[in-house]
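Student: Sharing a structure here in structure tokens format.
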Amino acid sequence: MIELEGLSKRFGAKVAVDRLSFQVRPGVVTGFLGPNGAGKSTTMRMMLDLDNPTSGSVRIDGRHYRELAEPLKYIGALLDAKAMHGGRSAYNNLLCLAQANRIPASRVSEVLDIVGLTAVARKKSKGFSLGMGQRLGIASALLGDPEILMFDEPVNGLDPEGIHWIRNLMKQLAAEGRTIFVSSHLMSEMALTADHLIVIGQGRLLADTTMAAFIQENSRSYARVRSPQPERLRDLLHTAGFTPVEVAGGALEVDGASTERLGELAAEHGVVLHELSAQRASLEEAFMQMTAGSVEYHAHGTSDPGRSAPPGPRWGEGPPADTGPRWGAGGGSGTEGI
Amino acid sequence: MASLPAVLQSEWTKIRTVSSTIWTLAAAFLVTVAVSAALCALFRSTFDDLSPAQRLTFDPTLASFSGMTLGQLAMVVFGVLVVGTEYSSGMIRTSLAAVPQRGTFLFGKLAVATVLALAVGMATSFAAFFLGQALLGEHRTTIGAENVLRAVVGGGLYMGLIALFSMAVATMLRSSMLSLGILMPFFFLVSQILAAVPKAKTVARYFPDQAGARIMQVVPDALGGTKVPYGPWEGLGIMLIWVLVALAGGYAVLKRRDA
Chain W
1 MIELEGLSKR FGAKVAVDRL SFQVRPGVVT GFLGPNGAGK STTMRMMLDL DNPTSGSVRI
61 DGRHYRELAE PLKYIGALLD AKAMHGGRSA YNNLLCLAQA NRIPASRVSE VLDIVGLTAV
121 ARKKSKGFSL GMGQRLGIAS ALLGDPEILM FDEPVNGLDP EGIHWIRNLM KQLAAEGRTI
181 FVSSHLMSEM ALTADHLIVI GQGRLLADTT MAAFIQENSR SYARVRSPQP ERLRDLLHTA
241 GFTPVEVAGG ALEVDGASTE RLGELAAEHG VVLHELSAQR ASLEEAFMQM TAGSVEYHAH
301 GTSDPGRSAP PGPRWGEGPP ADTGPRWGAG GGSGTEGI
Chain H
1 MASLPAVLQS EWTKIRTVSS TIWTLAAAFL VTVAVSAALC ALFRSTFDDL SPAQRLTFDP
61 TLASFSGMTL GQLAMVVFGV LVVGTEYSSG MIRTSLAAVP QRGTFLFGKL AVATVLALAV
121 GMATSFAAFF LGQALLGEHR TTIGAENVLR AVVGGGLYMG LIALFSMAVA TMLRSSMLSL
181 GILMPFFFLV SQILAAVPKA KTVARYFPDQ AGARIMQVVP DALGGTKVPY GPWEGLGIML
241 IWVLVALAGG YAVLKRRDA
């Protein structure tokens, strides 16, 4: 169990982490989500006592990190993959760490085998690709066979096979009853691996919830209908007890209606439909909406990410659906969410 | 608390498994011994050209350490790299995650590297002395002569302290390039030049290398050099104070700064 209490970090005038309090519970994968620059890495560095908090504290099973005699046996962490001496072999890089925590040298070969680096164990690590570096970093995290594992953006820069491997590894480690704390700026990645979710933006806690609850709350299903007879269709829907919302392009969005029901209703009353589709707001959108006010580096010139995002300057003017980038068109909804 | 023997063992593995260790230490040994030998041979062949005063105060022991001005630079590189590569590679974060007690980490690392530097320094000093004396011919001295053993052992201590001073400076500056950029010109140029300038030399003689090098002199004002207001052991003491201040600074930086 990791407990953060009022953890804050200030770099000069800039507040990187702002009174963060949450717990990382054992036996589950906790996703730590936030846009770039939200303070995820700073928080993780403070958890490992690498950065000193301006105020607040982190406790690991009730103790400060510094009070752990052989910390690699409690917590294994992958912060950045290249945090090894490039002139030293993979094996020797791990051996230094193992010896410092009185971990037997045989364990070094074991973890190299787990991450699939046995063949290059004696090679200097500076020749490693990003994926191999990431695997070496993970091997160092696993070295002390710790109960708690922390991974900072583990899939960054990996090829699909590497991503798949890391996902499975995390699931397997969680299944063994370990505590997994993994950061990412990709909601889609979290949705696949995390059981619990902690969302931060500009250093502040935005959500601390289970993945299931987050999906429940944020993945709105609705139907989209478009008709050359919009007035009739709207009246018809009102009569049937729905509250359609008109969106750009003259289409209507109807919450809580199945496409079957709407199709039958239209046929019954002879209303022509040009479009009828089931829609689901993606979790990515929900996440972007949640953090919209706290994204530090905005890219300008793209359309608003979410349907009900805080009204931007152009919102309400009914921007033509075909002007923005394709992924942003039609209110940014995907037909098939996560 | 992390166990100290474990940290020492880990740091020894770190030092032994990078190639810069062998290169820098071998360079320190070879450059010092070779340059000293060459200069000793030169002294012998040109001894008659020296002025009578210089001939009278010729210090054969010091002459056999004359290559150390150059050889110590390799020691500086060794000391800087031992600490600096932790920062340049990012290994420092991995290392501190394994040993979060920063005092234990730093002094474990510095202890291992200093013992190694001292051992190489001693070997260098003795080799330079014996080879130098052999080449000086009839102008030679012996290890049994008064104060000579002190000077030879002192030469080894000097090399070790130069390495430790460099490690401490690198810990303060947290960068190999910056540390080398300051230490190399300082030891090779600034200190040497200032020590030869009339007014500046009264200050320069308190620089770590100038003060520490006093231990290698047997004849106090050899070759027309001016007399310094401290003895050989006091000189080494002055150097030690520099080292301790740099260590305190390095420890304070490591303790307080984010890794």
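In the order they appear, the protein sequences are chains W and H. Heads up: the first sequence is residues 1 to 338, going by UniProt numbering. Heads up: the second sequence is residues 1 to 259, going by UniProt numbering. Ideal Cβ positions, reconstructed from N, Cα and C, are used throughout, including at glycine.
#1: Please list, in chain order, all residues of the same chain as Asp-322 of chain W whose beta carbon is under 6 Å from its beta carbon, the five residues on each side excluded.
#2: Any chance you could list the beta strand (DSSP E) runs of at least 3 consecutive residues sitting entirely within the segment 10-81 of chain H, in chain order?
#3: Given that Arg-66 of chain W touches chain H, what residues does it touch there, using C-beta distances under 8 Å?
#4: Output yes or no for whether 9 Å exceeds the beta carbon distance between Met-172 of chain H and Gly-249 of chain H.
#5: Spatial neighbours of Ala-286 of chain W within its chain, please: CB distance less than 6 Å, with the 5 preceding and 5 following residues excluded, ordered by chain position.
#6: In the DSSP assignment, find the alpha helix (DSSP H) that holds Ala-141 of chain W and state where it starts and stops.
#7: Beta-carbon of Leu-97 of chain W versus every beta-carbon of chain H: anything under 9 Å?
#8: Output yes if chain H places a C-beta closer than 9 Å to the C-beta of Leu-112 of chain W; else output no.
#9: Kindly say whether Ser-184 of chain W, judged by its beta-carbon, lies nearer than 9 Å to any beta-carbon of chain H.
#10: Just to confirm my understanding: we take Gly-156 of chain H, look at its own chain, exclude 5 residues before and 5 after, and list those with CB closer than 6 Å. What are they?
#11: Check the Cβ-Cβ distances between Ile-22 of chain H and every residue of chain W, and say whether any is below 9 Å.
#12: For a contact defined as C-beta to C-beta under 7 Å, what are the partners of Arg-93 of chain H on chain W?
#13: If you compare alpha carbons, which of W:Met-288, W:Gly-31, W:Arg-107 and W:His-274 is closest to Leu-197 of chain W?
#14: Only counting the same chain, and skipping five residues up and downstream in sequence, which positions put a Cβ closer than 6 Å to that of Met-68 of chain H?
#15: Given a limit of 7 Å on CB to CB distance, which residues of the segment 7-18 of chain H reach chain W?
#16: Compare the C-alpha of Lys-9 of chain W against each of W:Thr-43, W:Val-111 and W:Gly-27 and name the closest.
#17: Can you name, in chain order, every residue of its own chain whose Cβ lies under 6 Å from the Cβ of Ser-68 of chain W, other than the five neighbours on each side?
#18: Using 10 angstroms around the beta-carbon of Phe-11 of chain W, count the other beta-carbons present and answer buried if the total reaches 16, otherwise exposed.
#19: Taking C-beta to C-beta, are Val-254 of chain W and Thr-243 of chain W nearer than 9 Å?
#20: Would Leu-79 of chain W and Ile-114 of chain W be called neighbours here (beta carbons separated by less than 9 Å)?
#21: Can you have a look at His-85 of chain W and say buried or exposed, based on whether 16 or more other CB atoms are within 10 angstroms of its CB?
#22: Let's test the definition: count the other Cβ atoms within 10 Å of the Cβ of Ala-139 of chain W and tell me whether it reaches 16, buried, or not, exposed.
#23: Step through the CB atoms of chain H and report whether any lies within less than 9 Å of the CB of Gly-131 of chain W.
#24: Under 9 Å Cβ-Cβ, which residues of chain H neighbour Arg-234 of chain W?
#25: Whose Cβ in chain H lies nearer than 9 Å to the Cβ of Pro-71 of chain W?
#26: For Tyr-230 of chain H, does the three-state DSSP call read helix, strand or coil?
#27: Would you give the residue range spanned by the beta strand (DSSP E) that Asp-113 of chain W belongs to?
#28: If we count the other Cβ atoms within 10 Å of its Cβ and call it buried at 16 or more, is Arg-178 of chain W buried or exposed?
#29: Could you give the distance in angstroms between the alpha-carbon of Gly-181 of chain H and the alpha-carbon of Val-76 of chain H?
#30: In angstroms with no decimal places, state the Cα-to-Cα distance between Leu-56 of chain H and Arg-44 of chain H.
#31: Using a Cβ-Cβ distance cut-off of 9 Å, determine whether Asn-156 of chain W contacts chain H.
#32: Report the residue from H:Thr-142, H:Phe-78 and H:Val-18 whose alpha carbon sits nearest the alpha carbon of Asp-59 of chain H.
#33: Under 9 Å between the Cβ atoms of Ala-259 of chain H and Leu-96 of chain H?
#34: Could you please give the first and the last residue of the uninterrupted alpha helix (DSSP H) stretch that includes residue 299 of chain H?
#35: As an exercise, report each continuous beta strand (DSSP E) stretch of at least 3 residues that is fully enclosed by the segment 151-184 of chain W, in chain order.
#36: By Cβ distance, which residues of its chain are closer than 8 Å to Leu-236 of chain H, with the 5 residues on each side in sequence left out?
Tutor: Reading off the structure:
#1: Taking the first residue of the first sequence as 1, we reach residue 322 of chain W at position 322. With a pLDDT of only 38 at Asp-322 of chain W, under the threshold of 50, the placement of this residue in the model should not be trusted, and no figure is reported.
#2: none
#3: Counting from one through the first sequence, the residue named residue 66 of chain W turns up at place 66. The contacting residues are Pro-100 and Gln-101.
#4: Taking the first residue of the second sequence as position 1, residue 172 of chain H is located at position 172. Taking the first residue of the second sequence as position 1, residue 249 of chain H is located at position 249. It is a contact, given that the beta carbons lie within the stated cut-off.
#5: Here residue 286 of chain W corresponds to residue number 286 of the first sequence, with the count starting at 1. If we look at Ala-286 of chain W and ignore the five residues flanking it on each side, its Cβ neighbours are Asn-218.
#6: Here residue 141 of chain W refers to the residue found at position 141 when the first sequence is read from its first residue. It spans 130-142 - the alpha helix (DSSP H) in which Ala-141 of chain W sits, taken as one unbroken run.
#7: In the first sequence, residue 97 of chain W corresponds to position 97, counting from 1. Output row for Leu-97 of chain W: interface = yes.
#8: Here the question's residue 112 of chain W lines up with position 112 in the first sequence. With 9 Å as the cut-off, Leu-112 of chain W does not count as an interface residue toward chain H.
#9: By 1-based counting over the first sequence, the position of residue 184 of chain W is 184. Taking Cβ atoms only, chain H never reaches closer than 9 Å to Ser-184 of chain W, which makes this a no.
#10: In the second sequence, residue 156 of chain H corresponds to position 156, counting from 1. Here the set comprises Gly-121, Met-122 and Ser-125.
#11: Stepping through the second sequence from its first residue, residue 22 of chain H is reached at position 22. Output row for Ile-22 of chain H: interface = no.
#12: Walking along the second sequence from the start, residue 93 of chain H turns up at place 93. Simply Leu-50, Leu-79 and Ala-83.
#13: Residue mapping note: residue 197 of chain W aligns to position 197 of the first sequence, counting from 1. The candidate whose alpha carbon is nearest that of Leu-197 of chain W is W:Gly-31.
#14: Position 68 of the second sequence holds residue 68 of chain H. Result list for Met-68 of chain H: Thr-32, in chain order.
#15: Val-7, Gln-9, Ser-10, Thr-13, Lys-14, Thr-17 and Val-18
#16: Locating residue 9 of chain W in the first sequence gives position 9, where the first residue counts as 1. Among W:Thr-43, W:Val-111 and W:Gly-27, the Cα nearest to that of Lys-9 of chain W belongs to W:Thr-43.
#17: Residue mapping note: residue 68 of chain W aligns to position 68 of the first sequence, counting from 1. A quick correction: the sequence has Leu, not Ser, at residue 68 of chain W. Answer for Leu-68 of chain W: Tyr-74, listed in chain order.
#18: Along the first sequence, read from residue 1 onward, the residue named residue 11 of chain W stands at position 11. By the neighbour-count rule (16 or more Cβ atoms within 10 Å), Phe-11 of chain W is not buried but exposed.
#19: On the first sequence, residue 254 of chain W is found 254 positions in, with the first residue counted as 1. On the first sequence, residue 243 of chain W is found 243 positions in, with the first residue counted as 1. Cβ distance < 9 Å, so Val-254 of chain W and Thr-243 of chain W count as in contact.
#20: Within the first sequence, numbered from 1, the residue matching residue 79 of chain W stands at position 79. Within the first sequence, numbered from 1, the residue matching residue 114 of chain W stands at position 114. Cβ distance not < 9 Å, so Leu-79 of chain W and Ile-114 of chain W don't count as in contact.
#21: Working through the first sequence from its first residue, we reach residue 85 of chain W at position 85. Burial call: buried.
#22: On the first sequence, position 139 is the one that residue 139 of chain W refers to. Ala-139 of chain W should be labelled buried.
#23: Taking the first residue of the first sequence as position 1, residue 131 of chain W is located at position 131. No, no contact with chain H.
#24: For this step, residue 234 of chain W is matched to residue 234 along the first sequence. What Arg-234 of chain W touches in chain H: nothing, since even the nearest Cβ is about 59 Å away.
#25: Position 71 of the first sequence holds residue 71 of chain W. Ordered by position in chain H, the residues that pass the 9 Å Cβ test against Pro-71 of chain W are Ala-2, Ala-97, Ala-98, Val-99 and Pro-100.
#26: Locating residue 230 of chain H in the second sequence gives position 230, where the first residue counts as 1. Of the three classes helix, strand and coil, the one that applies to Tyr-230 of chain H here is coil, per DSSP.
#27: For this step, residue 113 of chain W is matched to residue 113 along the first sequence. Run containing Asp-113 of chain W: none in the beta strand (DSSP E); it sits in the alpha helix (DSSP H), 105-114.
#28: The residue you call residue 178 of chain W lines up with position 178 of the first sequence. That one is buried.
#29: Within the second sequence, the letter at position 181 stands for residue 181 of chain H. Within the second sequence, the letter at position 76 stands for residue 76 of chain H. Approximately 11 Å, taken between the alpha carbons.
#30: For the purposes of this step, residue 56 of chain H is identified with residue 56 of the second sequence, where counting begins at 1. For the purposes of this step, residue 44 of chain H is identified with residue 44 of the second sequence, where counting begins at 1. Leu-56 of chain H and Arg-44 of chain H: Cα-Cα distance of roughly 14 Å.
#31: As a first step, residue 156 of chain W must be located in the first sequence, where it is residue number 156. Closer than 9 Å: no.
#32: Reading the second sequence from its first residue, position 59 is the one you call residue 59 of chain H. Comparing Cα-Cα distances from Asp-59 of chain H to each of H:Thr-142, H:Phe-78 and H:Val-18, the minimum goes to H:Thr-142.
#33: The count along the second sequence starts at 1 and reaches residue 259 of chain H at position 259. The count along the second sequence starts at 1 and reaches residue 96 of chain H at position 96. In contact: Ala-259 of chain H and Leu-96 of chain H (Cβ atoms closer than 9 Å).
#34: Because residue 299 of chain H is not part of the residues shown, which for chain H are 1 to 259, the question remains open.
#35: 179-184
#36: By 1-based counting over the second sequence, the position of residue 236 of chain H is 236. If we look at Leu-236 of chain H and ignore the five residues flanking it on each side, its Cβ neighbours are Gly-154, Leu-157, Tyr-158, Leu-161, Ala-211, Gly-212, Arg-214 and Ile-215.
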